[in-house]
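Peer 1: With numbering that gives the first Met the number 0, the residue at position 40 of the sequence shown is 39, and numbering never jumps.
All C-beta atoms, glycine included, are put in the ideal place defined by N, C-alpha and C.
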Amino acid sequence: MMMFDKKYIWITLFFSIFSIALGFAQDKNRFQAIENEKIAYITKELDLTPREAQQFFPLYNEYSQTLWDIRKEKLNGAPKNSFRGGSRDVLQYDAKEVEIKKEYRAKFAKVIGNARASQFFEVEQEFREHLYKSLQNRRK
0 MMMFDKKYIW ITLFFSIFSI ALGFAQDKNR FQAIENEKIA YITKELDLTP
50 REAQQFFPLY NEYSQTLWDI RKEKLNGAPK NSFRGGSRDV LQYDAKEVEI
100 KKEYRAKFAK VIGNARASQF FEVEQEFREH LYKSLQNRRK
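1. Am I right that residue 47 and residue 111 are in contact with their C-beta atoms under 8 Å? What's the rounded C-beta distance?
2. Using 8 Å as the threshold, is the stretch 127 to 137 in touch with the stretch 92 to 110, meaning 3 or more CB pairs across them?
3. Straight-line CA distance for residue 35 to residue 100?
4. Roughly how many whole angstroms lie between the Cα atoms of residue 31 and residue 62?
5. Mind checking residue 114: buried by the 16 CB within 10 Å criterion, or exposed?
6. For the alpha helix (DSSP H) containing residue 60, name the first residue and the last one.
7. Helix, strand or coil for residue 93 per DSSP?
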């Protein structure tokens with residue numbers, strides 16, 4: 000009887016780990032699907048040529064990662080007294096985000112011109128709103 004219990008525990012443990020791994024894989028697939036949809040949306044809305052897209056998206060990936068790092072730090076990564084001995088000031092994080100956006104707008108402009116580089120931020124916001132509405136509709 001003791002052997003049956005151990006076997007049952009191992010089988011249960013195996014299926015639990017398998018289920019968790021499958022859940023992570025599904026989350027990764029969902030994230031990748033959203034990223035692919037975003038790339039298609041940005042490409043269409045900014046009317047990027049294949050050559051422009053080839054140059055633009057590596058910059059976009061850098062930009063996204065840099066913003067992601069700042070936002071993670073803002074939400075939970077920095078200690079409350081991380082800025083020169085004072086309390087954590089979320090406005091300093093916001094100012095960093097604005098500086099990053101200005102920096103990347105200039106980099107984007109070298110690839111797609113000033114007008115579309117500025118339009119990018121509007122297109123990015125429109126995509127977020129589209130995604131949010133889509134998620135809301137699925138929940139209904």
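Peer 2: To lay it out plainly:
1. As a first step, residue 47 must be located in the sequence shown, where it is residue number 48. As a first step, residue 111 must be located in the sequence shown, where it is residue number 112. Contact holds; Cβ gap of about 7 Å.
2. no
3. By one-based count along the sequence shown, residue 35 stands at place 36. By one-based count along the sequence shown, residue 100 stands at place 101. Their Cα atoms are separated by approximately 22 Å.
4. Translated into the one-based positions of the sequence shown, residue 31 becomes position 32. Translated into the one-based positions of the sequence shown, residue 62 becomes position 63. Each residue's Cα considered, the two are about 17 Å apart.
5. If you number the sequence shown from 1, residue 114 lands on position 115. Residue 114 is exposed by the Cβ-count criterion.
6. Counting from one through the sequence shown, the residue named residue 60 turns up at place 61. Segment 49 to 71, the alpha helix (DSSP H) holding residue 60.
7. Along the sequence shown, one-based indexing puts residue 93 at 94. In the structure shown, residue 93 sits in a helix (DSSP, three-state: H, G or I).
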